[in-house]
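Student: Would you mind keeping the following structure in view while I ask a few things?
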Amino acid sequence: MARTALQKLSALVLLASFTAAVDVAIPLNPAMDAPVISPSHISLSIEGDRWTSWSGTNSRNEFFYNTLDNLKQITGAPPNIRVGANTEDHTMFRSDVDFQEAIFPDPTAITPYPEAKSLVVGDSYYATTRFLPPGTHVTWGVNFGAQNLTAAYLSTRSIVKTFNSPEIKKAGIVLDYLEIGNEPDFLVTHKLRPSNYTDADWVQE
Ligand SMILES: *[C@@H]1O[C@H](CO)[C@@H](O)[C@H](O)[C@H]1NC(C)=O
Ligand SMILES: *[C@@H]1O[C@H](CO)[C@@H](O)[C@H](O)[C@H]1NC(C)=O
């Protein structure tokens, strides 16, 4: 027992001397020849099933807004925001839904925040885009995975309505892209296409 404790102590002493030896100098100013990178270099991609947890629902999420605004003050531009990802390929639209109705699997120790099994959204879901900082560039994903043109069309119409609203226009929040479907290699993984589905099939489709 005493021996084990002693071994632990020596390991700690070793660790302490090792960490003390690491000496990192962080310059306060960039080098004169440092390249200039895009002000929106730090940008975010957000899973659609938890979008309104980030944006806020009836009012903006102050924590998220401040985080984006702090970055804007440092870099000169707000981060670009892309919303959708895996979720977009099973997002359904129903006009009478307030914000969103999501069904999540039970959390586990390995996956504490699992992706939703299903998501139905309404106009107010997309409309919360207005809570982003002024000048934000946005990419919204729509459903390709479900092979349901109605879902893709209704979401697209709602997104267009959002970006045509006077409030969003005044804030200079712009839609850069509509992304039609998430990464197509996941379509097989998520059993949205047969196992023989290839990139060529995707291009064709
Ligand atoms: C297709 O999408 C619409 C709108 O999201 C939905 O109401 C309908 O149930 C979907 N159809 C199928 C077969 O999933
Ligand atoms: C893929 O498999 C389906 C049956 O699941 C079949 O109908 C289709 O012809 C196959 N496609 C190719 C390109 O082999």
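Mind the numbering: the sequence shown is residues -21 to -1, 1 to 184 in mature numbering (1 follows the signal peptide of the UniProt record, and there is no 0), read in order. We treat Cβ as the ideally placed atom computed from N, Cα and C, and that holds for glycine.
Tell me, please, whether the segment 50 to 70 touches the segment 104 to 113 by the rule of three or more beta-carbon pairs shorter than 8 Å.
Tutor: Contact between the segment 50 to 70 and the segment 104 to 113 is present, because at least three Cβ pairs lie under 8 Å.
Student: Where the beta carbon is closer than 5 Å to any heavy atom of ligand 1, which residues qualify, in chain order?
Tutor: Spelled out in chain order, the answer is 71, 72, 127, 129 and 130.
Student: Grab the span of the alpha helix (DSSP H) containing residue 183 for me, first residue to last.
Tutor: The residue given as residue 183 occupies position 204 in the sequence shown. Run containing residue 183: 178 to 183, per the alpha helix (DSSP H) assignment.
Student: Do you know offhand how far residue 122's Cα is from residue 78's?
Tutor: Translated into positions along the sequence shown, residue 122 becomes position 143. Translated into positions along the sequence shown, residue 78 becomes position 99. Using only the alpha carbons, I get a separation of about 17 Å.
Student: Go through the segment 101 to 149 residue by residue and report every complete run of the beta strand (DSSP E) that reaches 3 residues or more, in order.
Tutor: Listed in chain order, they are 116 to 121.
Student: Among the candidates 71, 164 and 88, whose CA atom is the shortest distance from the CA of residue 100?
Tutor: What you label residue 100 is simply residue 121 of the sequence shown in a count that begins at 1. Of the candidates 71, 164 and 88, the one whose C-alpha sits nearest the C-alpha of residue 100 is 71.
Student: Look up residue 24 in the DSSP assignment and give the residues it is bridged to.
Tutor: The residue you call residue 24 lines up with position 45 of the sequence shown. Bridge partners of residue 24: 61.
Student: Apply the 10 Å Cβ neighbour rule to residue 4 and answer buried if 16 or more other Cβ atoms are within range, or exposed otherwise.
Tutor: One-based indexing of the sequence shown puts residue 4 at position 25. Counting Cβ neighbours within 10 Å, residue 4 comes out exposed, since fewer than 16 surround it.
Student: I need the straight-line Cα distance from residue 158 to residue 68, nearest angstrom please.
Tutor: To locate residue 158, count along the sequence shown from 1; it is residue 179. To locate residue 68, count along the sequence shown from 1; it is residue 89. Roughly 11 Å separates the two Cα atoms.
Student: Check for me: the alpha helix (DSSP H) holding residue 72 runs from which residue to which?
Tutor: Walking along the sequence shown from the start, residue 72 turns up at place 93. Unbroken run through residue 72 is the beta strand (DSSP E), 70 to 72; no alpha helix (DSSP H).
Student: Excluding sequence positions up to five away, which residues of its chain have a Cβ less than 6 Å from the Cβ of residue 118?
Tutor: Counted from its first residue, the sequence shown places residue 118 at position 139. So the qualifying residues of the chain are 61, 155, 156 and 158.
Student: If contacts are defined as beta-carbon pairs under 8 Å, then residue 174 and residue 167 qualify, I think. What distance do you get, rounded to the angstrom?
Tutor: Taking the sequence shown and counting its residues from 1, the one referred to as residue 174 is at position 195. Taking the sequence shown and counting its residues from 1, the one referred to as residue 167 is at position 188. At roughly 6 Å, the Cβ-Cβ gap stays under 8 Å, so residue 174 and residue 167 are in contact.
Student: Thinking just about the alpha-carbon of each residue, which of 152, 89 and 94 is nearest to the one in residue 83?
Tutor: Your numbering for residue 83 matches position 104 in the sequence shown. That would be 94, whose Cα lies nearest to the Cα of residue 83.
Student: Ignore the nearest five residues each way along the sequence and tell me which others in residue -21's own chain have a CB closer than 7 Å to its CB.
Tutor: Here residue -21 is taken as the residue at index 1 of the sequence shown, counted from 1. Summary for residue -21: the model assigns pLDDT 44, below 50, so the residue's position carries little reliability, and this model does not support an answer.
Student: Would you kindly work out how many angstroms separate the C-alpha atoms of residue 50 and residue 115, rounded to a whole number?
Tutor: On the sequence shown, residue 50 is found 71 positions in, with the first residue counted as 1. On the sequence shown, residue 115 is found 136 positions in, with the first residue counted as 1. Rounded to the nearest angstrom, the two C-alpha atoms are 12 Å apart.
Student: Can you tell me where the beta strand (DSSP E) holding residue 92 begins and where it ends?
Tutor: Position 113 of the sequence shown, counting from 1, holds the residue named residue 92. No beta strand (DSSP E) contains residue 92, which DSSP labels as neither H nor E.
Student: Quick one: measure Cβ to Cβ for residue 55 and residue 18, integer angstroms, because I've assumed they're closer than 8 Å.
Tutor: To locate residue 55, count along the sequence shown from 1; it is residue 76. To locate residue 18, count along the sequence shown from 1; it is residue 39. Right, the Cβ-Cβ distance comes to about 4 Å (below 8 Å), so this counts as a contact.
Student: Determine which residues share a DSSP beta bridge with residue 81 and list them.
Tutor: Taking the first residue of the sequence shown as position 1, residue 81 is located at position 102. Bridge partners of residue 81: 98.
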